[in-house]
Amino acid sequence: MARASARHLLVTTEELCNELKTRIENGEKFEDLAKEYSQCPSGDRGGDLGTFHQGEMVPEFDRVVFNEAVNVVHGPVKTQFGYHLLETTARED
1 MARASARHLL
11 VTTEELCNEL
21 KTRIENGEKF
31 EDLAKEYSQC
41 PSGDRGGDLG
51 TFHQGEMVPE
61 FDRVVFNEAV
71 NVVHGPVKTQ
81 FGYHLLETTA
91 RED
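What the sequence shown shows, in full-length UniProt numbering, is residues 1 to 93, in sequence order.
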């Protein structure tokens, strides 16, 4: 079964999510912005979600983490929890 490691940043609005993505693209650190802005407890760890198997996260996460490029920030990704920036840091099929 496929597994991956990823980090994310969760905010309540798409606008803020887009703003933070732009800041990351302009050189700010994902981890620092996650610690400051993320509404998820993982923000304290720079957004680190650890390693998980396909199917353990919400479907919107799985689609990005198990199909999109590794080490690229993706999003905004809307889920029932809000808007996320996602970065897959490692993936094994």
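Quick reminder that beta carbons are idealized off the backbone N, C-alpha and C, glycines included. Computed from a predicted structure; not experimentally measured.
Membership of D93 in any beta strand (DSSP E) is not indicated, and neither H nor E is assigned to it by DSSP. S38 carries a coil assignment under DSSP once its states are collapsed to helix, strand and coil. The beta carbons of E60 and V77 sit about 5 Å from each other, so the pair counts as a contact at 8 Å. Secondary-structure assignment with DSSP links L10 through a beta bridge to H84. At least 8 Å separates the beta-carbon of H74 from that of C40. Sorting D44, F66, V58, S38 by C-alpha distance to the C-alpha of D93 places F66 at the top. One alpha carbon belongs to T88, the other to V11, and they sit about 18 Å apart. Annotated three-state conformation of K21 is helix, per DSSP.
Residue nearest to L85 within the set E14, R3, H53 is E14 (criterion: CA-CA distance).
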